[in-house]
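For the sequence shown, the numbering used here gives the first residue as -1, with consecutive numbering after it.
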Amino acid sequence: MGPSEFQGLPPVPPQRLCSCGQRTRWSHLQYLGKGRSAPVYVCAGCGLAYRGREGEGARQPTASQRQRPLPQEGPPENPVFDEQVAAKLRQLLSGP
């Protein structure tokens, strides 16, 4: 969907209730160009799409999407390689 098609969508209704009586749900962010975006909502019942207000849809990352610091005890062990293969890889990757 391009920005012109997005502008042709009806605005999201109050309380996000579709004309069919079902609730709308957040679908995705539509890129509008020049760093702007707006959410697209879709009716859970009939599938009608609505446009949200520009800048409204910036979602906060969920707990699983936030970056967590690496453990301070060094790199994690790789149980796939045994110590002999790991030593050969270190030697090959360290260069001449």
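Where is the CB? At the ideal position from N, CA and C, for every residue including glycine.
For the set Ala84, Tyr48, Leu87 and Leu30, the Cα lying nearest the Cα of threonine 22 is the one of Tyr48. The DSSP-derived three-state label of alanine 36 is strand. The C-beta distance from leucine 30 to glutamate 52 rounds to 7 Å, short enough to fall under 8 Å. Checking the DSSP bridge columns, you'll see glutamine 28 partnered with Ala36.
In the DSSP assignment, proline 9 is bridged to Arg49. Burial is judged here by how many other beta carbons sit within 10 angstroms of a residue's own beta carbon; cysteine 18 has fewer than 16 and is exposed.
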